[in-house]
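Visitor: In the working numbering, the protein residues as written are 1341 to 1458.
One structure follows; several queries about it will come next.
If you want it as structure tokens, here you go:
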């Protein structure tokens, strides 16, 4: 039997609250667990494009931030939702970044963390 290396997740680190640059720096290395407000209809019925719809910052839903980019001059964070592949862009949403608000769209910059390992 081939010997394999085992990695154990033994904790987490929080990304500084309301600090988009820190969020992007952490996201450049690994996916992040983030909380957002997902109760507004604009978010619930998102079907594509860079999301800049109506939503608040009362966090009520956990998602995974998995990357970021720019499309046609619009900066965004790529988020994987848990609502299945028929929602959004095959289960993902591109959420606008650089909104000028420290908490970010739907509060995405308020509560982010990532796992740490031994």
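Ideal Cβ placement from N, Cα and C applies to all residues, glycine included.
All values reported here derive from a predicted model rather than from experimental measurement.
1. By Cβ distance, which residues of its chain are closer than 6 Å to residue 1449, with the 5 residues on each side in sequence left out?
2. So, are the CB atoms of residue 1394 and residue 1415 less than 7 Å apart?
3. Which residue spans inside the stretch 1372 to 1435 form an unbroken beta strand (DSSP E) run of at least 3?
4. Alpha carbon to alpha carbon, what distance is there between residue 1344 and residue 1438?
5. When DSSP builds the beta bridges, which residues end up paired with residue 1453?
6. Quick one: residues in its chain with C-beta nearer than 7 Å to the C-beta of residue 1352, no 5 flanking neighbours on either side, listed in chain order?
7. Check each candidate in 1375, 1427 and 1405 and name the one with the smallest Cα separation from residue 1420.
8. Using only alpha-carbon positions, find the residue among 1400, 1440 and 1391 that is nearest to residue 1432.
9. How is the alpha helix (DSSP H) around residue 1360 delimited, first residue to last?
Guide: The short version:
1. Sequence-distant Cβ neighbours of residue 1449 in its own chain, meaning closer than 6 Å and more than five residues away, are 1358, 1360, 1363 and 1443.
2. When the beta-carbon positions are compared, residue 1394 and residue 1415 stay at least 7 Å from each other.
3. DSSP runs (the beta strand (DSSP E)) wholly in the stretch 1372 to 1435: 1372 to 1376, 1401 to 1411 and 1414 to 1420.
4. When rounded, the distance between both Cα atoms is 42 Å.
5. BP columns for residue 1453 point to 1354 and 1373.
6. 1453, 1454, 1455 and 1456.
7. Taking only the C-alpha atoms, the option nearest residue 1420 is 1405.
8. Among 1400, 1440 and 1391, the Cα nearest to that of residue 1432 belongs to 1391.
9. Under the DSSP assignment, residue 1360 falls in the alpha helix (DSSP H) whose first and last residues are 1360 to 1367.
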